[in-house]
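K.L.:
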């Protein structure tokens, strides 16, 4: 299928192959897990916490090869009944989850283990407490490090990524991160991509990808990223340190060389074979699923 | 039922933008002098699989929802060829105005039109590109297509009889003692009144009048 495909077409089909639609098995599985976790937390804490999707599901950057489930569990500012301190919020949510799951404590999240056969699939529950009654800014507990509290805002994060206008580039580079086993955190990569493409939103996807990779290769030390929800209070320098930057620069250089030599197919491989017959069959099934179809017409001959 | 509506005010435009942003976040709204346009990729997905992607523009005419949104494919993928049902100005001929009204899209949210007829058209085009033909068929161009549509609802009629029906549909009211347009010689109350009523309940007289003009022009 890819023999006659140019780079632009390749990237379009590649992105399509990475899409997870609402009725995909993967998303249904995520919804099922989220439902189970919410039920457990509601049993323990009743209606008090706000429980919803965070992460790529909410940001619209889910890709088939790199998706995790982030569930946020934020308590109202004045809920002293379920926990008095931020640390108690974190620990009480952990205890509730441990009644059903094996839980590993991460810096700000509680990771539920063994929920999927996929080794790189994670379910993280992020406990927190709203700063005020507006239920927007949130304090998260930090289980490690000197600083025990981090102020953040999920809505700002989601809006920053979802409305960035470069979500296709983010999706492709998330797959790139997974395929190259890069240690850079997804959130950090997203921020870097958005920063690098802030003046390149109208470029084609291929131009955007090449720009990001070229900047990573040539100017990685000049890239500054800030948490849009807390630009002064959340120091991301540790997550984007010299080691992370140098690896990104090296892999970006290698990727650009590959693209120059053999196109994006050289980077991401041949696309799954999708014969004309199987496309026709899939489209026909989709057409048969339309309950009240309309038919094309034209009021004059062209 | 009343088929006339005022032009859009800002609250209506905001509601439409919000509605589309929720259901199709990749279709970006722009607004100029009260004219609303949505532009971006439209994905056709089914059974967890993305089947195709089109770059589209949707313009809302001033008299939307009385008139259908004007949809164009903006990447130059769909040729302006008769079998693709594209007007000379690039507007896709998504469906007949009568179908638009019969399915109630003038009364339903814009997103129903996008996920319904627009998706149906684009999905059909993908199949045509692959040589499979329009999955639900297609209307013939111009007045012949109108005739096909009304034949589905009124039985095997010719253009002359259809003009009689359209004349009745275009009137503000139809009296039961009038002669039925089918040519049976019976009064309409004792003949095709139920079918006429079903159509009149949905299709506004202005739409029938326009079709009547097209039919009359084509018969000259």
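Chains as they are written, first to last, in my numbering: chain A, 133 to 434; chain B, 642 to 861.
We put the beta carbon where it would ideally sit given N, CA and C, even for glycine.
These figures come from a predicted structure and were not determined experimentally.
So for residue 134(A), helix, strand or coil by DSSP?
P.N.:
With a pLDDT of only 44 at residue 134(A), under the threshold of 50, the placement of this residue in the model should not be trusted, and no figure is reported.
K.L.:
Taking Cβ-Cβ distances shorter than 7 Å, what residues in chain B pair up with residue 166(A)?
P.N.:
In chain order: nothing, as chain B lies at least about 18 Å away.
K.L.:
Buried or exposed: where does residue 191(A) fall if 16 or more other Cβ atoms within 10 Å of its Cβ makes it buried?
P.N.:
The residue is buried, with at least 16 neighbouring Cβ atoms inside 10 Å.
K.L.:
Check for me: the beta strand (DSSP E) holding residue 863(B) runs from which residue to which?
P.N.:
Coverage of chain B is limited to positions 642 through 861, which leaves residue 863(B) absent and any answer about it impossible.
K.L.:
Per DSSP, what kind of secondary structure is residue 732(B) in: helix, strand or coil?
P.N.:
Residue 732(B): strand per DSSP, three-state reduction.
K.L.:
Could you check the C-alpha separation between residue 133(A) and residue 812(B) for me, to the nearest Å?
P.N.:
With a pLDDT of 41 at residue 133(A), under the threshold of 50, the modelled position of this residue cannot be trusted; read the value that follows with caution. C-alpha separation (whole angstroms): 57 Å.
K.L.:
Leaving out the 5 sequence neighbours to the left and right, which residues in its chain are closer than 8 Å to residue 775(B) when beta-carbon positions are compared?
P.N.:
Excluding positions up to five away in sequence, the list reads 765, 768 and 769.
K.L.:
Taking the alpha helix (DSSP H) that residue 160(A) falls in, what are its first and last residues?
P.N.:
Its alpha helix (DSSP H) spans residues 157-177.
K.L.:
Report the option in 383(A), 357(A) and 276(A) whose CA atom is closest to the CA atom of residue 312(A).
P.N.:
Answer by Cα proximity: 383(A).
K.L.:
Determine the closest residue to residue 772(B) out of 422(A), 412(A), 425(A) and 430(A), with distance taken between C-alpha atoms.
P.N.:
Of 422(A), 412(A), 425(A) and 430(A), the residue nearest in Cα terms is 412(A).
K.L.:
Cα separation between residue 642(B) and residue 845(B)?
P.N.:
Any reading at residue 642(B) must be qualified, since the residue scores a pLDDT of 44, below 50, and its modelled position is unreliable; the value itself is stated next. If you take the alpha carbons of residue 642(B) and residue 845(B), they lie about 9 Å apart.
K.L.:
Report the three-state DSSP secondary structure of residue 453(A) (helix, strand or coil).
P.N.:
In the structure displayed, chain A extends from 133 to 434; residue 453(A) sits before or after that span and is not available.
K.L.:
With DSSP as the reference, identify every bridge partner of residue 245(A), one or two as the case may be.
P.N.:
Answer by DSSP bridge pairing, in chain order: 234(A).
K.L.:
Could you check what DSSP says for residue 184(A) in three-state terms: helix, strand or coil?
P.N.:
Residue 184(A): strand per DSSP, three-state reduction.
K.L.:
List, in chain order, every chain B residue whose beta-carbon is nearer than 7 Å to that of residue 412(A).
P.N.:
What residue 412(A) touches in chain B: 768, 771 and 773.
K.L.:
What separation, rounded to the nearest whole angstrom, lies between the Cα atoms of residue 675(B) and residue 651(B)?
P.N.:
Spanning the two alpha carbons is a distance of roughly 8 Å.
K.L.:
Whose Cβ in chain A lies nearer than 7 Å to the Cβ of residue 742(B)?
P.N.:
Residues of chain A passing the Cβ test: none, with the nearest at roughly 11 Å.
K.L.:
Please decide whether residue 734(B) counts as near chain A, where near means a Cβ-Cβ distance under 8 Å.
P.N.:
Chain A, which has a Cβ nearer than 8 Å to the Cβ of residue 734(B), makes this yes.
K.L.:
Closer than 9 Å by beta-carbon distance: list the chain A residues that pair up with residue 685(B), in chain order.
P.N.:
Under the 9 Å cutoff, chain A gives 415 and 418.
K.L.:
Are there 16 or more other CB atoms within 10 angstroms of the CB of residue 663(B), so buried, or fewer, so exposed?
P.N.:
Burial call: exposed.
K.L.:
Would the beta-carbon of residue 804(B) fall within 8 Å of that of residue 817(B)?
P.N.:
Going by C-beta atoms, residue 804(B) is not nearer than 8 Å to residue 817(B).
K.L.:
Residues in its own chain within less than 8 Å of residue 309(A) by CB, not counting five upstream and five downstream?
P.N.:
So the qualifying residues of the chain are 198, 316, 318 and 321.
K.L.:
Kindly confirm or deny that the segment 332-343 of chain A and the segment 365-376 of chain A touch, where touching means at least three C-beta pairs closer than 8 Å.
P.N.:
Too few Cβ pairs lie closer than 8 Å, so no.
K.L.:
What residues in its chain sit with their C-beta under 7 Å from that of residue 253(A), if we drop five residues either side in the sequence?
P.N.:
Excluding sequence neighbours, residue 253(A) sits near 200.
K.L.:
At a CB distance below 9 Å, what residues from the segment 664-696 of chain B approach chain A? Give them in sequence order.
P.N.:
Hits within the stretch, in order: 666, 667, 669, 682, 684, 685, 686, 687, 688, 689, 690, 691, 692, 693 and 694.
K.L.:
What residue does the beta strand (DSSP E) around residue 208(A) start on, and which one ends it?
P.N.:
Note, residue 208(A): premise wrong, no beta strand (DSSP E); not H, not E.
K.L.:
Which residues of chain A have a Cβ atom closer than 7 Å to the Cβ of residue 737(B), listed in chain order?
P.N.:
Per Cβ cutoff of 7 Å: 429.
K.L.:
Which stretch, first to last residue, makes up the beta strand (DSSP E) that contains residue 260(A)?
P.N.:
It spans 255-262 - the beta strand (DSSP E) in which residue 260(A) sits, taken as one unbroken run.
K.L.:
DSSP state of residue 354(A), grouped into three classes?
P.N.:
Residue state, collapsed to three classes: helix.
K.L.:
Against residue 408(A), what residues of chain B qualify as contacts under a CB-to-CB distance less than 9 Å, listed in chain order?
P.N.:
Going along chain B in sequence order, the residues near residue 408(A) (Cβ under 9 Å) are 771 and 772.
K.L.:
Output the distance between the C-alpha atoms of residue 851(B) and residue 788(B), rounded to the nearest integer angstrom.
P.N.:
Answer to the nearest angstrom: the Cα atoms are 13 Å apart.
K.L.:
Taking the alpha-carbon positions, what's the residue 728(B) to residue 394(A) distance?
P.N.:
If I take the Cα positions, the gap works out to 40 Å.
K.L.:
Quick test of the definition: if touching needs 3 or more C-beta pairs under 8 Å, does the segment 409-427 of chain A touch the segment 777-784 of chain B?
P.N.:
The segment 409-427 of chain A is in contact with the segment 777-784 of chain B.
K.L.:
Report yes or no: do three or more beta-carbon pairs, one from the segment 684-695 of chain B and one from the segment 414-421 of chain A, lie closer than 8 Å?
P.N.:
Flag = yes, the segment 684-695 of chain B and the segment 414-421 of chain A touch.
K.L.:
Based on the DSSP output, what are the partners of residue 673(B) in its beta bridges?
P.N.:
Bridge partners of residue 673(B): 676(B).
K.L.:
Could you run through the segment 783-803 of chain B and flag, in chain order, every residue whose CB is less than 7 Å away from some CB of chain A?
P.N.:
The segment 783-803 of chain B vs chain A, Cβ under 7 Å: 783 and 786.
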